[in-house]
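**Student:** Dropping a structure here in structure tokens format, bear with me for questions.
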């Protein structure tokens, strides 16, 4: 064999050998990669299973001005409610972490002693919170009661998320919420001259009949009243209506008449 032929043959053998080694290396690498993929896939499935088993929920009240800012408290006053209203339900937004479920899920509020002055069963009651099937958001309701205590003081309830079969507690920053409510009456700074002498009973009667608790005048004597402001003529009309309502009430309740006039 000539020298030239030997060189060509050597190059062919080298290429075949190199190609075989490369293929063998790729096969080994591919096998390792496949194994790693299977391991990661298995871990991901396990983590998802754990995450789904430990579904969590947190308070999701947000500011209407800045939707990224959390709201951590709500207040309510029975002041504008008729005297016949003895309870009210405050709703707090909640949100679940993770995927939706194909069934309704429930959560519940839980009292935190530190900072709470309200009495369970007498001032408030926790109601079940529902996150409907296919949804991640819901409302946690708390029923608050109107009683003689809140006529003289404001009560507060500091709460968190209680664990249920469906949920555990979620984000740390959104685990605590505070509710405050009262039914206190005090003479408004704008108590109209037309209504005469002030008393809490009289003020309650005004709220029950008119549904109004404040009576701010226009910005000036010649200004047209803006929404929520009342002219002297409007206040005089209110007083006339209230006088008629007192007379009608006393006629219907001679054993328990109202001892005030307008």
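Numbering (the working numbering), first residue to last: 20 to 281. Idealized CB from N, CA, C, for every residue including glycine.
Helix, strand or coil for residue 281 per DSSP?
**Tutor:** Correct three-state label for residue 281: coil.
**Student:** If I measure Cβ to Cβ from residue 102 and keep anything under 8 Å in the same chain, skipping five residues before and after, which residues do I get?
**Tutor:** Within the same chain, residue 102 has close Cβ partners 223 and 227.
**Student:** Could you spell out where the alpha helix (DSSP H) holding residue 257 opens and where it closes?
**Tutor:** Residue 257 -> alpha helix (DSSP H) spans 251-271.
**Student:** By Cβ distance below 7 Å, which residues in the same chain neighbour residue 177 in space, the five residues on each side in sequence not counted?
**Tutor:** Correct list, in chain order: 131, 133, 134, 135, 195 and 197.
**Student:** By Cβ distance, which residues of its chain are closer than 7 Å to residue 127, with the 5 residues on each side in sequence left out?
**Tutor:** The residues are 145, 147, 148, 181 and 183.
**Student:** Please state whether the Cβ-Cβ distance between residue 154 and residue 112 is less than 7 Å.
**Tutor:** Not a contact, by the Cβ cut-off of 7 Å.
**Student:** Once you ignore the five residues that flank residue 170 on each side, which residues in its own chain have a CB closer than 6 Å to its CB?
**Tutor:** Correct list, in chain order: 202.
**Student:** Just to confirm before moving on: does the CB-CB distance between residue 152 and residue 122 stay below 7 Å?
**Tutor:** Cβ atoms of residue 152 and residue 122: closer than 7 Å.
**Student:** With DSSP as the reference, identify every bridge partner of residue 156, one or two as the case may be.
**Tutor:** Bridge partners of residue 156: 114.
**Student:** Please name the residue or residues paired with residue 108 in a DSSP beta bridge.
**Tutor:** Looking at the DSSP assignment, residue 108 forms a beta bridge with 162.
**Student:** Between residue 143 and the rest of its own chain, which residues show a CB-CB distance below 7 Å, the 5 nearest in sequence each way excluded?
**Tutor:** Excluding residues within five positions, the ones whose Cβ falls inside 7 Å are 137, 161, 162, 163, 164 and 176.
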